[in-house]
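4 protein chains.
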Amino acid sequence: MKNQFIGTSLDVDDGKVTLTDYMGSDLSVVNAARVSFGKTKTEMDDKDVKLIKYLAAHKHMSPFRHVVFTFALEGVSEVVCRQLYKHQVGCAYTSGEFKEAATTWNEISGRYVEFDPEFHFPSEFRKQHKSNKQASLEGECVENNVMARAIYKEAIDQGFSAYKKLLELGVCKEQARMVMPVSFKNSLVWTASLEAVAHFIKLRDHEGAQLEIRNLARAIKKLIDPICPHSLDALVNSEK
Amino acid sequence: MKNQFIGTSLDVDDGKVTLTDYMGSDLSVVNAARVSFGKTKTEMDDKDVKLIKYLAAHKHMSPFRHVVFTFALEGVSEVVCRQLYKHQVGCAYTSGEFKEAATTWNEISGRYVEFDPEFHFPSEFRKQHKSNKQASLEGECVENNVMARAIYKEAIDQGFSAYKKLLELGVCKEQARMVMPVSFKNSLVWTASLEAVAHFIKLRDHEGAQLEIRNLARAIKKLIDPICPHSLDALVNSEK
Amino acid sequence: MKNQFIGTSLDVDDGKVTLTDYMGSDLSVVNAARVSFGKTKTEMDDKDVKLIKYLAAHKHMSPFRHVVFTFALEGVSEVVCRQLYKHQVGCAYTSGEFKEAATTWNEISGRYVEFDPEFHFPSEFRKQHKSNKQASLEGECVENNVMARAIYKEAIDQGFSAYKKLLELGVCKEQARMVMPVSFKNSLVWTASLEAVAHFIKLRDHEGAQLEIRNLARAIKKLIDPICPHSLDALVNSEK
Amino acid sequence: MKNQFIGTSLDVDDGKVTLTDYMGSDLSVVNAARVSFGKTKTEMDDKDVKLIKYLAAHKHMSPFRHVVFTFALEGVSEVVCRQLYKHQVGCAYTSGEFKEAATTWNEISGRYVEFDPEFHFPSEFRKQHKSNKQASLEGECVENNVMARAIYKEAIDQGFSAYKKLLELGVCKEQARMVMPVSFKNSLVWTASLEAVAHFIKLRDHEGAQLEIRNLARAIKKLIDPICPHSLDALVNSEK
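Residue numbers (the numbering used here), protein chains in the order written: chain A, 96 to 335; chain B, 96 to 335; chain C, 96 to 335; chain D, 96 to 335.
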């Protein structure tokens with residue numbers, strides 16, 4: 096997949112997440128917490144690391160809200176995107192939806208992009224977890240993975256083909272798209288504070304989470320770790 | 096459809112919205128705005144109506160946040176629910192997702208509900224709007240509505256059938272559901288302030304909105320109008 | 096103090112907090128969590144209590160956001176009110192500020208309320224905590240409480256008197272009020288979800304908090320406990 | 096006043112506001128709105144300006160939430176800071192409060208800063224507005240400005256002196272500070288999205304606002320204008 100966004104990217108299943116922008120660092124947290132003091136620090140020392148741990152442990156969260164990230168998600172299935180929407184506090188989203196949604200704005204610019212949804216396509220179908228009805232067994236593939244892929248592919252093709260046929264009959268797009276499979280890929284810009292991102296990672300980089308979402312959480316953790324390692328560590332591990 | 100929730104209900108297409116709880120009224124708005132005065136009013140008069148108009152016109156929104164509603168949505172397609180999620184400020188959601196999602200909690204209680212998704216099924220397929228690529232023509236049905244229904248039904252059946260087959264192969268539910276059509280019906284509890292609900296109505300009871308969503312906005316407007324008629328009118332009509 | 100608000104009230108130092116409205120209960124939490132199931136429960140049983148504990152322990156917070164409270168605070172010093180403002184998520188405020196602030200709206204109604212601020216007046220001045228520079232020693236009064244009261248009273252009188260003199264010189268209220276002591280009493284309407292109120296109680300009913308604020312947290316806890324005892328217990332004690 | 100923060104600063108009365116960090120630009124808005132298209136733009140053209148105007152006029156606000164600013168306020172009176180706290184949506188704050196508030200964390204670092212509050216001191220006392228009880232007459236000074244300054248100064252001195260005396264009696268800081276005038280200067284770190292900052296500017300750079308707050312709004316507008324001129328213009332002027 097061509098990477099349309101500028102920034103560091105990581106693959107997430109058959110999609111991609113890019114850190115397109117950010118502001119702040121561990122020092123921003125420290126300087127915000129000490130706003131009433133007489134100077135701005137430009138280098139971390141041991142006392143600053145202790146302060147960050149203290150803030151996280153005592154849930155003084157406001158200093159962590161001055162570090163902010165923007166991520167662009169491309170080719171990520173709507174099922175995964177929806178998990179992000181549930182994290183509202185300190186977050187902002189702009190979603191690509193189906194491409195038609197953008198053409199209203201697009202008409203302003205005179206361009207037109209052919210509609211061409213893509214769908215998430217698993218390479219391996221995991222087994223159902225025995226006791227946890229919501230979970231899968233990571234790394235354990237079903238015996239007949241080939242047949243699973245065939246059934247999956249046919250369903251996707253049929254859904255997309257029905258969508259096309261409805262359009263040909265003159266049906267409006269907003270009704271026709273109702274037959275599309277939920278695995279359609281979406282694009283999304285997500286801007287969130289460090290507090291919100293750390294909360295997402297804690298909840299989703301977890302064995303009870305859907306593997307596709309856990310993979311996204313792991314990728315995001317890797318992307319921001321170099322920017323604010325002490326704060327990320329303090330927040331993610333503070334209450335476990 | 097049997098109405099599982101207690102409260103006033105209205106049909107929305109082939110689903111239902113119920114006002115299950117609320118607090119406050121026009122008087123709550125007035126009393127909050129005059130919190131520093133010496134008494135609580137228990138009846139509205141003309142001056143109170145003027146005050147409400149003044150507050151809305153000058154965007155003094157905080158008094159409108161003390162009136163709060165809870166709605167239960169049943170049998171509403173996920174496509175419609177997603178529009179609600181975009182309204183974050185002053186809102187809280189608990190979504191039913193696929194029924195499996197609830198069984199983790201359910202296992203605590205020992206009950207088990209057979210998985211049985213339903214899908215939104217349009218009775219009439221509307222024509223595509225000519226100039227607005229996102230919109231449909233309200234009241235204008237495609238010529239071959241019968242064929243549209245047949246194509247739609249087949250696509251839904253195929254998607255659901257593929258889901259069942261994948262489960263039979265042992266595929267985990269979180270991957271199998273990827274083939275389900277986006278029209279699957281969801282249940283949702285939505286709690287929102289009067290400010291947030293009025294904002295939703297303004298944006299969605301609008302000719303540019305998807306008709307299914309406009310129908311939801313109209314139903315919600317009808318449900319809350321008896322509770323706070325002056326505030327609702329002032330908010331919805333303040334900037335149009 | 097005459098209680099202007101309708102509802103259950105408790106004294107907080109020389110002010111008052113009233114639960115003026117609320118919606119929901121422990122059952123609302125349970126029914127929201129089970130929205131996808133086929134019925135609404137109208138009585139709690141042991142399994143519901145377990146479910147509530149499970150939700151709190153696993154930080155599935157959304158079901159707790161459908162229970163909402165409105166409190167009116169009267170005669171509470173601005174220093175205490177400011178602690179409330181810091182709790183933003185799931186909260187709404189309408190503040191009385193100085194009474195002038197309300198007269199703009201008031202002029203609409205034709206009434207006029209003479210400006211008459213009151214100030215918080217401690218009956219006992221507590222000793223400074225030795226090791227915690229921010230805290231006081233609960234129950235330990237300074238030796239010369241009479242002199243402390245005299246100094247305090249004189250300072251309040253002087254501040255208020257300077258305010259009056261500035262007004263007489265024709266100075267605008269917005270500048271004149273700058274000399275008023277921070278202990279002026281304010282009125283406030285606070286609407287907040289159960290999640291937000293429980294978070295406030297956890298942080299402020301705590302020995303590190305200012306005693307005046309801790310007293311407010313204790314009063315609020317007492318007011319809501321009869322409404323949702325299981326949820327309140329699960330939220331407040333979940334991570335301690 | 097020595098500028099402790101790194102970034103562009105402007106004076107606001109006898110205080111200062113510094114833009115310490117930011118991310119995004121007009122292009123971030125455009126690229127977020129077109130997330131579903133095939134490329135990232137790196138230069139603005141006329142169509143992009145039109146798109147920004149379209150977004151603001153139709154209240155598609157989410158693209159404006161990916162531009163974020165951090166401001167440090169120093170030496171700004173608490174009366175002004177409180178106006179900022181009222182803007183909750185898309186905002187985060189870390190306040191300096193009285194300096195003692197920071198010493199708990201400070202003790203971790205071993206440093207100690209002598210308590211030394213400063214107070215806002217107006218050079219000119221404006222006349223009260225005749226018809227608007229809340230407003231002042233910009234540019235119109237009271238006849239006896241010298242006496243107004245003397246009364247103001249004496250009140251501040253008396254309040255601060257009473258605070259010191261109470262501390263000497265052993266009274267805890269949290270009670271002693273109750274006699275301090277509300278004009279005490281605070282420090283504050285404010286992080287807010289472009290949407291939130293533009294909303295603040297619209298409400299506060301307005302003749303009905305307190306002049307001290309209007310001055311802050313004007314300074315902030317000047318600081319961010321070079322970063323996102325088209326978006327700022329579209330948002331601030333969209334509904335006037």
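We treat Cβ as the ideally placed atom computed from N, Cα and C, and that holds for glycine.
Extent of the continuous alpha helix (DSSP H) run through residue i
i        : result
ASN239/C : Here ASN239/C belongs to no alpha helix (DSSP H), and DSSP marks it neither H nor E.
SER123/A : 121-128
HIS325/C : 324-332
Contact list for residue i against chain A, beta-carbon separation under 9 Å
i        : result
LEU327/D : Those within 9 Å of LEU327/D in chain A number zero; the least Cβ separation is about 17 Å.
Interface residues of chain D facing residue i [CB-CB closer than 8 Å]
i        : result
THR103/A : Residues of chain D passing the Cβ test: none, with the nearest at roughly 14 Å.
ALA167/A : VAL130
HIS117/A : In the sequence on display, residue 117/A carries Tyr and not His. Within chain D, the residues near TYR117/A are MET118.
Amino acids of chain A, ordered along the chain, whose beta-carbon sits closer than 7 Å to that of residue i
i        : result
ARG160/D : ALA187, THR286
SER157/D : ALA187, TYR188, THR189
SER256/D : Those do not exist, as SER256/D stays about 22 Å from chain A at its closest Cβ, beyond 7 Å.
Beta-carbon separation (whole angstroms), residue i vs residue j, contact threshold 8 Å
i        : j        : result
SER326/C : THR189/B : About 14 Å separates the two Cβ atoms, so there is no contact after all.
GLU233/D : LEU306/D : 6 Å
SER333/C : ALA152/C : 6 Å
ALA312/A : ILE296/A : 5 Å
THR113/D : THR286/D : Not a contact, Cβ separation roughly 13 Å.
ASN310/B : GLU173/B : In fact, because the Cβ distance is near 16 Å, the residues do not count as touching under 8 Å.
SER231/A : LYS222/A : 7 Å
ALA271/C : GLU249/D : 14 Å between Cβ atoms; not a contact.
Cross-chain neighbours of residue i in chain C, by beta carbon under 8 Å
i        : result
VAL266/D : PHE220, ARG221, LYS222, GLN223, VAL237, ALA243
LEU261/D : PHE220, ALA243, ILE246, TYR247
Where residue i meets chain A, residues with beta-carbon distance less than 8 Å
i        : result
ALA127/D : THR189, VAL284
Residue i: first and last residue of the uninterrupted beta strand (DSSP E) it sits in
i        : result
ALA304/B : Per DSSP, ALA304/B belongs to no beta strand (DSSP E) and is neither H nor E.
ASP116/D : 110-118
SER104/C : 103-107
LYS222/A : 221-223
Contact list for residue i against chain B, beta-carbon separation under 8 Å
i        : result
ARG272/A : VAL174, VAL277
VAL163/C : MET118, VAL163, THR286
SER333/C : Here the premise fails: no neighbours, minimum Cβ distance about 16 Å.
Contact list for residue i against chain C, beta-carbon separation under 7 Å
i        : result
ILE251/D : VAL274
Proximal residues of chain B, C-beta to C-beta of residue i below 9 Å
i        : result
SER231/A : VAL266, CYS267, LYS268, GLU269, GLN270
Below-8 Å beta-carbon distance, residue i vs any chain E residue
i        : result
GLN178/B : You won't find chain E in this structure, because its protein chains are A, B, C and D.
Within chain B, partners of residue i - CB distance below 7 Å
i        : result
HIS215/A : MET273
Closer than 9 Å at the beta carbon, the chain C residues around residue i
i        : result
SER226/B : By Cβ distance, chain C contributes nothing, its closest Cβ being about 39 Å from SER226/B, past 9 Å.
Between the stretch 166-183 of chain C and the stretch 103-120 of chain D, do three or more beta carbon pairs fall short of 8 Å? no
Any chance you could list the beta strand (DSSP E) runs of at least 3 consecutive residues sitting entirely within the stretch 130-187 of chain A, in chain order? DSSP runs (the beta strand (DSSP E)) wholly in the stretch 130-187 of chain A: 163-172.
Is the stretch 275-294 of chain D touching the stretch 267-280 of chain C in the sense that three or more CB pairs, one from each, lie closer than 8 Å? yes
Any contact between the stretch 106-114 of chain C and the stretch 212-219 of chain C? By contact I mean 3 or more CB pairs, one from each, below 8 Å. In this structure the stretch 106-114 of chain C lies against the stretch 212-219 of chain C, because at least three pairs of beta carbons, one per stretch, are closer than 8 Å.
Three Cβ pairs or more, each shorter than 8 Å: is that satisfied between the stretch 265-274 of chain C and the stretch 255-267 of chain D? no
Counting Cβ pairs closer than 8 Å, one from the stretch 125-135 of chain B and one from the stretch 148-163 of chain C, do we hit at least three? no
Which runs of the beta strand (DSSP E) spanning at least 3 residues fall entirely within the stretch 241-312 of chain C, listed in chain order? The qualifying runs are 280-288.
Okay, do the stretch 239-246 of chain B and the stretch 215-224 of chain B touch, 3+ Cβ pairs below 8 Å being the bar? yes
Check whether the stretch 138-148 of chain B touches the stretch 137-148 of chain A, taking contact to mean three or more Cβ pairs, one atom from each stretch, closer than 8 Å. As far as the Cβ criterion goes, the stretch 138-148 of chain B does not touch the stretch 137-148 of chain A, which means the pair count is below three.
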